[in-house]
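Heads up, the thing below is written out as structure tokens.
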Amino acid sequence: MMENKNGQIETLLSRNIEDVIDRAHLQKRLIGGEKLRVKFGIDPTGANIHIGRAVALWKLREFQELGHKIVLIIGDFTAQIGDPSDKLKKRPFLSRADVKENLKNYLPQIGKILDIKKAEVRYNSEWLAKLDLREISELADIFSFQQILERRNFSERWEKHEEISYREGMYPLMQGYDSVAVKADVEIGGADQLFNLLAGRKVQERYGQKPQDIMTTAMVVGLDGRKMSTSWGNVINIEDEPDNQFGKAMTLRDELIPEYFEKTTDASMEDIRKFEKKLKSSGNPKELKELLAFAIVKRYHGAGAAQAARENFEKLFSRKEMPDNLPELKLKTDGILKTGGFSALDIVLAAGIMKSRSEARRLIEQGGFEIAEKVVKNAAEMVRVRGGEAVKIGKKRFFRIRI
RNA sequence: GCGCAGAUGGCGGAGUGGUCAAUCGCAUCAGACUGUAAAUCUGACGCCUUCGGGCUUCGCAGGUUCGAAUCCUGCUCUGCGCACCA
Numbered sequence: 289m290m291e292n293k294n295g296q297i298e299t300l301l302s303r304n305i306e307d308v309i310d311r312a313h314l315q316k317r318l319i320g321g322e323k324l325r326v327k328f329g330i331d332p333t334g335a336n337i338h339i340g341r342a343v344a345l346w347k348l349r350e351f352q353e354l355g356h357k358i359v360l361i362i363g364d365f366t367a368q369i370g371d372p373s374d375k376l377k378k379r380p381f382l383s384r385a386d387v388k389e390n391l392k393n394y395l396p397q398i399g400k401i402l403d404i405k406k407a408e409v410r411y412n413s414e415w416l417a418k419l420d421l422r423e424i425s426e427l428a429d430i431f432s433f434q435q436i437l438e439r440r441n442f443s444e445r446w447e448k449h450e451e452i453s454y455r456e457g458m459y460p461l462m463q464g465y466d467s468v469a470v471k472a473d474v475e476i477g478g479a480d481q482l483f484n485l486l487a488g489r490k491v492q493e494r495y496g497q498k499p500q501d502i503m504t505t506a507m508v509v510g511l512d513g514r515k516m517s518t519s520w521g522n523v524i525n526i527e528d529e530p531d532n533q534f535g536k537a538m539t540l541r542d543e544l545i546p547e548y549f550e551k552t553t554d555a556s557m558e559d560i561r562k563f564e565k566k567l568k569s570s571g572n573p574k575e576l577k578e579l580l581a582f583a584i585v586k587r588y589h590g591a592g593a594a595q596a597a598r599e600n601f602e603k604l605f606s607r608k609e610m611p612d613n614l615p616e617l618k619l620k621t622d623g624i625l626k627t628g629g630f631s632a633l634d635i636v637l638a639a640g641i642m643k644s645r646s647e648a649r650r651l652i653e654q655g656g657f658e659i660a661e662k663v664v665k666n667a668a669e670m671v672r673v674r675g676g677e678a679v680k681i682g683k684k685r686f687f688r689i690r691i
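When we follow the numbering used here, the leftmost residue of the first sequence carries the number 289, and every step to the right adds one.
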């Protein structure tokens with residue numbers, strides 16, 4: 289029993305973890321059985337949480353399972369300032385409305401991973417909005433310009449003669465003050481958060497508190513090996529549909545399979561070692577990738593959904609059959625009355641996924657449109673439609689026509 | 001405040017009076033090959049098109065000219081240098 293717990297603590301402190309400061313101190317407290325307050329801050333800046341950001345949430349869950357108190361800080365105030373950590377450009381202010389909108393979606397997503405009822409949820413406007421200029425100045429006195437400029441993303445911008453505003457330099461101070469306000473023992477964040485987390489330690493000391501221990505989680509690269517970014521489209525969101533998650537996972541670059549197993553699934557490290565060996569010896573990594581895709585979907589939608597997603601995928605791509613649960617593509621029947629049918633262009637446009645008619649026309653002319661297993665290359669060609677035909681638009685978008 | 005430089009398509013970056021819807025690279029999309037991987041090859045890549053062509057773009061607003069992304073004036077924004085620093 290004791291052994292088991294120590295094993296859990298070891299995993300907690302090592303798997304997917306980049307840095308722990310101060311490791312010895314934290315380990316001792318954990319083994320000693322103290323109930324720790326584990327802080328995690330989220331700025332509701334975007335609508336979706338992806339599996340990269342989720343790494344930290346799963347860490348929190350480990351803490352939770354060991355009986356510690358999770359303090360979730362919703363950065364309703366800081367979100368409006370904008371964390372410069374991952375940005376090489378100045379960030380705009382978010383409006384109150386944006387923040388509120390984003391916020392609505394956040395807790396349910398987090399709830400997929402954590403037991404929110406057991407956590408303490410706080411909004412940092414609670415204390416940050418009350419600071420007056422004198423207090424802010426005191427806070428600001430903790431850091432020098434030089435220290436702020438040490439951050440790579442600031443120094444790079446400095447080199448490039450890009451603007452760096454005061455406001456952005458304020459961010460670590462606020463995040464640090466959060467730690468004071470909730471008396472954090474531990475704070476977790478992504479590896480890109482190191483600077484902010486360290487700032488928390490300094491700020492706490494200034495306010496007479498023991499500095500928190502900090503843990504940074506490993507970053508997950510995007511599916512294509514570049515930085516994970518929603519605008520690159522190389523991201524799996526935890527709320528994506530099972531089929532979609534499965535499909536996206538299958539586009540992962542082969543070299544990243546072991547890394548993804550480790551960071552985004554609960555596969556044991558033993559198994560992952562085995563997978564790595566297998567990858568090196570056998571020819572086609574596709575099977576392993578399917579296991580990976582399955583494990584990811586299972587984590588967020590359960591084993592049943594994962595199985596179904598896998599079968600759909602097999603049907604659709606390996607056996608080239610059309611699965612039954614394609615999204616519907618509704619065509620308006622009054623179109624028939626007027627023109628006697630639908631042109632290929634009408635059908636593609638009805639799917640509502642093209643930016644412009646020109647784009648749709650191009651796609652068709654280049655052979656990217658298929659209906660009832662026939663390619664139609666002439667955008668103006670009238671296609672006989674009865675309803676129920678499977679439509680393929682481009683590489684990976686499928687619909688079933690409904691009239 | 002003064003002086004200098006710059007602002008071009010998702011990004012980088014050409015173009016400095018007509019041949020510019022704008023070289024090129026990246027990203028993106030489609031096709032071939034595949035394992036919805038990578039690499040490679042082909043094509044597309046402002047909007048609309050009856051495929052002839054039409055329409056709106058090069059920070060913003062005016063002007064010169066038969067004709068402007070390109071010249072002139074004003075404005076806005078950004079960077080650099082100087083000044084200010086009780």
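Ideal Cβ positions, reconstructed from N, Cα and C, are used throughout, including at glycine. Since we're looking at a predicted model, the values are computed, not measured.
In whole angstroms, what is the alpha-carbon distance linking residue i and residue j?
| i | j | result |
| --- | --- | --- |
| Ala-506 | Val-468 | 25 Å |
| Gly-675 | Ser-644 | 25 Å |
| Thr-539 | Leu-511 | 7 Å |
| Ala-583 | Pro-546 | 13 Å |
| Leu-416 | Gly-399 | 25 Å |
| Phe-563 | Ile-635 | 44 Å |
| Val-673 | Phe-630 | 7 Å |
| Pro-380 | Leu-579 | With a pLDDT of only 48 at Pro-380, under the threshold of 50, the placement of this residue in the model should not be trusted, and no figure is reported. |
| Lys-680 | Lys-515 | 30 Å |
| Glu-423 | Val-491 | 12 Å |
| Ser-517 | Lys-551 | 17 Å |
| Asn-412 | Arg-494 | 19 Å |
| Gln-482 | Leu-437 | Here residue 482 turns out to be Leu, not Gln, going by the sequence shown. If I take the Cα positions, the gap works out to 14 Å. |
| His-313 | Ala-591 | 39 Å |
| Asn-393 | Ile-404 | 14 Å |
| Ser-646 | Gln-533 | 30 Å |
| Phe-686 | Leu-614 | 6 Å |
| Ser-519 | Glu-322 | 42 Å |
| Val-663 | Phe-657 | 6 Å |
For residue i, which residues of its own chain have a beta-carbon under 7 Å away from its beta-carbon, when the five flanking residues on both sides are left out?
| i | result |
| --- | --- |
| Trp-346 | Ile-401 |
| Gln-463 | Gly-329, Thr-366, Asn-484, Ala-487, Gly-488 |
| Pro-611 | Asn-600, Lys-603, Leu-604 |
| Arg-665 | A quick correction: the sequence has Lys, not Arg, at residue 665. Counting only Cβ-Cβ distances below 7 Å, and skipping sequence neighbours, we find Ile-652, Glu-653, Gly-655. |
| Phe-460 | Per the sequence shown, residue 460 should be read as Pro rather than Phe. Answer for Pro-460: Phe-483, Asn-484, Ala-487, listed in chain order. |
What residue range is occupied by the uninterrupted alpha helix (DSSP H) comprising residue i?
| i | result |
| --- | --- |
| Tyr-495 | Here Tyr-495 belongs to no alpha helix (DSSP H), and DSSP marks it neither H nor E. |
| Ala-593 | 574-601 |
| Thr-552 | 545-552 |
| Phe-534 | 530-538 |
So, at 6 Å on beta carbons, what are the nonlocal neighbours of residue i in its own chain, with the 5 sequence-adjacent residues on each side left out?
| i | result |
| --- | --- |
| Leu-391 | Pro-332 |
| Ile-476 | Phe-328, Ala-344, Lys-347, Met-503 |
| Gly-513 | Arg-541 |
| Asp-307 | Thr-504 |
| Asp-364 | Val-387, Tyr-411, Ser-413 |
| Arg-598 | Phe-582 |
| Thr-304 | Note that residue 304 is Asn in the sequence shown here, rather than Thr. Result list for Asn-304: Val-343, Thr-505, Ala-506, Lys-551, in chain order. |
| Leu-567 | Pro-573 |
Look at the Cβ atom of residue i, then the Cβ atom of residue j, and state whether they are nearer than 9 Å.
| i | j | result |
| --- | --- | --- |
| Ile-659 | Glu-677 | yes |
| Ala-594 | Pro-499 | no |
| Ile-309 | Asp-554 | no |
| Ile-689 | Glu-609 | no |
| Val-508 | Tyr-454 | no |
| Arg-410 | Ile-361 | yes |
| Leu-354 | Lys-406 | no |
| Ala-632 | Glu-669 | yes |
| Met-586 | Ile-691 | The sequence given here places Lys at residue 586; Met does not occur at that position. No, they are not a contact pair. |
| Glu-456 | Phe-433 | no |
| Glu-389 | Val-359 | no |
| Gly-535 | Lys-684 | yes |
With a threshold of 8 Å on Cβ separation, who are the neighbours of residue i within its own chain once the five nearest residues in sequence on each side are excluded?
| i | result |
| --- | --- |
| Leu-324 | Arg-317, Leu-318, Phe-351, His-356, Lys-357, Asp-473, Val-474 |
| Lys-577 | Ala-537, Met-538, Leu-540, Asp-542, Ile-545 |
| Ile-297 | Gln-315, Leu-318, Ile-319, Leu-354 |
| Arg-649 | Leu-633, Ala-667 |
| Leu-419 | Leu-427, Tyr-465 |
Locate the beta strand (DSSP E) running through residue i, then write down its first and last residues.
| i | result |
| --- | --- |
| Gly-640 | Looking at the DSSP string, Gly-640 is not in any beta strand (DSSP E), and its letter there is neither H nor E. |
| Phe-687 | 685-690 |
| Gly-477 | 474-478 |
| Glu-647 | Run containing Glu-647: none in the beta strand (DSSP E); it sits in the alpha helix (DSSP H), 645-653. |
| Ala-344 | Looking at the DSSP string, Ala-344 is not in any beta strand (DSSP E); the run it does join, the alpha helix (DSSP H), is 342-353. |
| Ile-360 | A quick correction: the sequence has Leu, not Ile, at residue 360. Leu-360 -> beta strand (DSSP E) spans 357-362. |
| Leu-617 | 616-618 |
query: Quick check: the segment 415-428 against the segment 349-359, are there 3 or more CB pairs under 8 Å?
result: no
query: Pairing CB atoms from the segment 518-536 with CB atoms from the segment 336-346, are three or more of them under 8 Å?
result: yes
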